[in-house]
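**Q**
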Amino acid sequence: MRSHLLNDTTAARYRSSVTEGIERVAAKLATTDRPFTGVTVDALAPRIEQIDLDRPLHNTTAVLDELEDVYLRDAIYFHHPRYLAHLNCPVVIPAVLGEAVLSAVNSSLDTWDQSAGGTLIERKLIDWTAERIGLGPAADGVFTSGGTQSNLQALLLAREESKTDSLAKMRIFASEVSHFSVRKSAKLLGLSADSVVSVPVDHDKRMQTLALAHELERCERDGLVPMAVVATAGTTDFGSIDPLPEIAELCAQFGVWMHVDAAYGCGLLASLRRRALLDGIERADSVTVDYHKSFFQPVSSSAMLVRDATTLRHATYHAEYLNPRRMVTERIPNQVDKSLQTTRRFDALKLWMTLRTMGADGIGRLFDEVCDLAEEGWRLLAADPRYDVVVEPRLSTLVFRYIPEAVTDPAGIDRANLYARKALFASGDAVVAGTKVGGRHYLKFTLLNPETTAADIAAVLDLIAGHAEQYLGESLDRAS
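In structure tokens:
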């Protein structure tokens, strides 16, 4: 079995095995003509269940053949231009190359003696991102597994920096369309069930600053402690960006930690034409960025950054076998001193490879393209009498609803939209997401593929309408 270990004696086997795997994936990418096969759980589950993991195949080719049957054939392919559902981006080749390198070398980014150059590369990328945000010379941060972990760590720091030790008194303010991880983080941090105050949004789904001011005033009047305001720069459903300068003013006035969840909107940091949409982010105390959303990186690639590096001490613990205190005075850089994780992948390498190959402008152009496409899609929807579109996009998300001409029952329209999404997914012709607005069911395009065209959007809208009309026709037949 030692022949399977990656080392100096198995380099040739490593090369041939990985090459064979890459060729399989490349062939699949080259021949995939739709984002999904439409396979059902009931059809796929038995194929996986029947595999006996205690009876290995002992042959890479056989394993890849089996993988084709249980995974590659029926995977959701985000690179396809008609994958329009969630915040999953097609990935750039330099980042995939970085993924191959980091997996093989297998550095762990917790301590210097496990990563060396990896530590310094991650730190350089944190400094680069902090400079793009404008956080100032005292800024720092660390890579994380994703936006949920980044938000959790940011709110941990906010809790520890707050003006009270009473968890019951702490309050977090976030818009009513903020990410669910805010509430999840509050629970994990031991805060009360009513600790997250939901702030109303305006017509464009942006936090109402007047309502935020009233909530902050009421919080202090009731003897409670405003722990943090979470402003969102790119909400998951609408891509809306809260008014960051005004929120920053309120946070300064009330002495509240300002966290900006820019997991989605961080692509604007590289944008050549839309960077101004993030004005005010430079005043944040902490920022979440997800490179695996709008920087076209493979999962996972995220970071949490802070204006004041000293606040990261709240995540610092020392172990004699890992990062003893003496290493601080010896100026040995251990990233575990900043992270909620211990063992951690060298995910920063993917962004490093991307920047060194394409440059930030290359990333920014791709993100600008999908934002331009969303504007074009919005015009299509606004001009199409079959659809109601919620808000004009700021990033690359469109939320809309099929409105049949002959049906006025809101519940019936809900069912038609739900059916259309389900039927479209089952067909494999396209993949779209869904959400609720005002208690009603809506559909959602999340456009992150520069290869998607307005013609693709128009075609998918026709497919949705066709499925919805089929459902409504069958419903009328059943009713009669």
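All you need for our numbering is the position in the sequence shown, starting with 1, plus 1281. Backbone N, C-alpha and C fix where the C-beta goes; we use that ideal spot for every residue, glycine too.
Return yes when the Cβ of Ser-1575 is within less than 8 Å of the Cβ of Phe-1225, no when it is not.
**A** Since the first residue of the chain shown is 1282 and the last is 1761, residue 1225 is not available in this structure.
**Q** For Ser-1761, count neighbouring Cβ atoms within 10 angstroms of its own Cβ and tell me buried if that reaches 16, exposed if not.
**A** As a working note, residue 1761 is residue 480 in the sequence shown. Confidence in Ser-1761 is poor, its pLDDT being 47 and thus under 50, which makes the residue's placement unreliable; the coordinate value appears in the next sentence. The residue is exposed, with fewer than 16 neighbouring Cβ atoms inside 10 Å.
**Q** Check Asp-1737 in the structure and name its three-state DSSP category.
**A** The residue given as residue 1737 occupies position 456 in the sequence shown. Of the three classes helix, strand and coil, the one that applies to Asp-1737 here is helix, per DSSP.
**Q** Should Leu-1742 and Val-1688 be called a contact, given that it needs their Cβ atoms to be closer than 8 Å?
**A** Here residue 1742 corresponds to residue number 461 of the sequence shown, with the count starting at 1. Here residue 1688 corresponds to residue number 407 of the sequence shown, with the count starting at 1. No, the pair does not count as a contact, with Cβ atoms beyond the cut-off.
**Q** Can you look up His-1460 in the DSSP assignment and give me helix, strand or coil?
**A** Along the sequence shown, one-based indexing puts residue 1460 at 179. Residue state, collapsed to three classes: coil.
**Q** Indicate whether Ala-1513 and Ser-1476 have their beta-carbon atoms separated by less than 8 Å.
**A** The residue you call residue 1513 lines up with position 232 of the sequence shown. The residue you call residue 1476 lines up with position 195 of the sequence shown. The sequence given here places Thr at residue 1513; Ala does not occur at that position. Their beta carbons are not under 8 Å apart, which means Thr-1513 does not touch Ser-1476 by this criterion.
**Q** Please tell me whether Ala-1551 and Ala-1641 are closer than 8 Å, where the distance is taken between their beta carbons.
**A** Along the sequence shown, read from residue 1 onward, the residue named residue 1551 stands at position 270. Along the sequence shown, read from residue 1 onward, the residue named residue 1641 stands at position 360. For Ala-1551 and Ala-1641, yes; Cβs fall inside 8 Å.
**Q** Given a cut-off of 8 Å, decide if Ala-1663 and Ser-1677 are closer than it, judged by their beta-carbon atoms.
**A** Residue mapping note: residue 1677 aligns to position 396 of the sequence shown, counting from 1. Residue mapping note: residue 1663 aligns to position 382 of the sequence shown, counting from 1. Taking 8 Å as the Cβ cut-off, Ser-1677 and Ala-1663 do not qualify as a contacting pair.
**Q** How is Thr-1410 classed by DSSP in three states: helix, strand or coil?
**A** Start at 1 with the first residue of the sequence shown, and residue 1410 comes out as number 129. Looking at Thr-1410 - three-state DSSP - the assignment turns out to be helix.
**Q** Under 8 Å between the Cβ atoms of Ser-1388 and Gln-1395?
**A** As a position in the sequence shown, residue 1388 is number 107, starting the count at 1. As a position in the sequence shown, residue 1395 is number 114, starting the count at 1. Yes, Cβ-Cβ distance for Ser-1388 and Gln-1395 is below 8 Å.
**Q** State the Cα-Cα distance for the pair Ala-1411 and Leu-1493, rounded to the nearest angstrom.
**A** Along the sequence shown, one-based indexing puts residue 1411 at 130. Along the sequence shown, one-based indexing puts residue 1493 at 212. Cα to Cα, the separation comes out at about 27 Å.
**Q** Which one of Tyr-1700, Asp-1589, Leu-1630 and Ser-1620 has the shortest CA to CA distance from Pro-1418?
**A** Here residue 1418 refers to the residue found at position 137 of the sequence shown. Residue Asp-1589 is the option with its Cα nearest to Pro-1418.
**Q** Leaving out five residues before and five after Glu-1441 in sequence, what residues of the same chain have Cβ atoms less than 6 Å from its Cβ?
**A** Counting from 1 along the sequence shown, the entry for residue 1441 is found at position 160. Closer than 6 Å at Cβ, skipping near neighbours: His-1595.
**Q** Taking Cβ to Cβ, would you say Pro-1685 is nearer than 8 Å to Ala-1749?
**A** By 1-based counting over the sequence shown, the position of residue 1685 is 404. By 1-based counting over the sequence shown, the position of residue 1749 is 468. Yes, Cβ-Cβ distance for Pro-1685 and Ala-1749 is below 8 Å.
**Q** Going by Cα to Cα distance, which pick from Val-1478, Pro-1526, Ala-1474 and Cys-1652 is closest to Pro-1507?
**A** Here residue 1507 refers to the residue found at position 226 of the sequence shown. The option with the nearest alpha carbon to Pro-1507 is Val-1478.
**Q** Residue ranges of each alpha helix (DSSP H) run of no fewer than 4 residues wholly in the stretch 1575-1663, ordered along the chain?
**A** If we require 4 residues or more, the alpha helix (DSSP H) runs fully inside the stretch 1575-1663 come out as 1607-1610 and 1629-1638.
**Q** With His-1540 as the anchor, note down where its beta strand (DSSP E) starts and where it stops.
**A** Indexing the sequence shown from 1 puts residue 1540 at position 259. 1538-1543 is the extent of the beta strand (DSSP E) around His-1540.
**Q** Under the three-state reduction of DSSP, which class applies to His-1367: helix, strand or coil?
**A** Position 86 of the sequence shown, counted from the start, is the residue given in the question as residue 1367. Three-state result, His-1367: coil.
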